[in-house]
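Here the structure is laid out as structure tokens; the discussion comes afterwards.
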Ligand code: ADP
Ligand code: MG
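Numbering (the UniProt record's numbering), first residue to last: 39 to 312.
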């Protein structure tokens, strides 16, 4: 495993797809847990008012919990709302609460409305005691101001794609938004990774969708495919990621392999740049 060293830089990755139910949250929390399992320090920022990532990471996020809402609207420091997941001291979460549902509208009239998360993340990283290797941002299923804040804060975009009908539908709209962000708000943002999720190897359709996505995005798609697995879908109801819930399950193994690829690809691209 000589190739999977961490770089010492913080990689800020937004996990986005404006479709709901494609595996954004599942990928965010399980990839985060798998990275933490390899010794990375990982912060998950839950930008979805549903708060599913906060639930899966086992952190409290009732209405009175200080949350990402307070960071975006009232300029709380991110450090003041970050919690440690009971699963691992390396796994941190900035929780969402139901108040975030109103933020999409409240942000409209705010100064620097697209940059609020970016500013909070930069301040957080500038004042850290310990290193953070990854920040993974779990986006809501829309291309509104919350997602735009994530795109402005991140340098990498990770898109989970569900291996089903219409997998590529909506992708051109998403990539169009990314180009708009690159031009006007954040030139560093780039599509670094695509993960194929909920893969059912018994169906020809899943295979066809996977082939089609690989044909369009040969460099971005991870070799590892996340299988459809009951253990993956059960884990959140125990307030756990699948890594903690059933570390030997096919889903946990796949997310651990994906984590290795995510780390390795970055070290490889650094060598090219050097
Ligand atoms: P999104 O965040 O994009 O809306 P989720 O991550 O919440 O999507 O996933 C949608 C649903 O699919 C959830 O019920 C989740 O448990 C389930 N799911 C996601 N990935 C898998 C998988 N690999 N195997 C089985 N179920 C999955
Ligand atoms: Mg989600």
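All C-beta atoms, glycine included, are put in the ideal place defined by N, C-alpha and C.
Fair warning: this is a prediction, and the values are worked out from it, not measured in the lab.
Which partner residues of residue i appear in the DSSP bridge assignment?
i, result
"residue 189", "According to DSSP, residue 189 bridges with nothing at all."
"residue 328", "This structure gives no information on residue 328, because the portion of the chain shown stretches from 39 to 312."
"residue 172", "49 and 80"
"residue 273", "Note: residue 273 sits in no beta bridge, so no partner."
"residue 237", "265"
Using a Cβ-Cβ cut-off of 6 Å (strictly less than) and excluding sequence neighbours within five positions of residue i, which residues of its own chain qualify?
i, result
"residue 260", "233, 296 and 299"
"residue 120", "130 and 132"
"residue 90", "63"
"residue 248", "201 and 234"
"residue 166", "none"
From residue i to residue j, what does the alpha carbon distance come to, in whole angstroms?
i, j, result
"residue 36", "residue 136", "The structure shown does not extend to residue 36, since the chain is modelled only from 39 through 312, so no value can be given for it."
"residue 126", "residue 92", "14 Å"
"residue 122", "residue 65", "19 Å"
"residue 258", "residue 75", "24 Å"
"residue 94", "residue 184", "20 Å"
"residue 216", "residue 264", "25 Å"
"residue 292", "residue 178", "24 Å"
"residue 315", "residue 270", "Limits of the chain in this structure are 39 at one end and 312 at the other, which puts residue 315 out of reach."
"residue 54", "residue 181", "9 Å"
"residue 157", "residue 214", "24 Å"
"residue 63", "residue 113", "25 Å"
"residue 221", "residue 190", "11 Å"
"residue 142", "residue 278", "28 Å"
"residue 254", "residue 46", "32 Å"
"residue 283", "residue 236", "18 Å"
"residue 301", "residue 230", "12 Å"
Any heavy atom of the ligand MG closer than 7 Å to the beta-carbon of residue i?
i, result
"residue 84", "no"
"residue 128", "no"
"residue 200", "no"
"residue 90", "yes"
Is the closest heavy atom of the ligand ADP to the C-beta of residue i under 7 Å?
i, result
"residue 61", "yes"
"residue 267", "yes"
"residue 235", "yes"
"residue 58", "yes"
"residue 279", "no"
"residue 175", "no"
"residue 289", "yes"
Leaving aside the five residues before and after residue i along the sequence, list all residues of the same chain whose C-beta is less than 8 Å from its C-beta, in chain order.
i, result
"residue 238", "201, 244, 265 and 266"
"residue 288", "265, 267 and 269"
"residue 85", "106, 134, 138, 155, 175, 176, 177, 178, 184, 185, 187 and 188"
"residue 77", "44 and 128"
"residue 48", "163, 169, 170, 171, 172 and 173"
"residue 212", "54, 55, 56, 181 and 197"
"residue 313", "An answer regarding residue 313 cannot be provided, because it is not within the stretch 39 to 312 covered by the chain."
Using C-beta distances below 7 Å, list every residue in its chain close to residue i, excluding the 5 sequence neighbours before and after it, in chain order.
i, result
"residue 118", "104"
"residue 304", "45 and 49"
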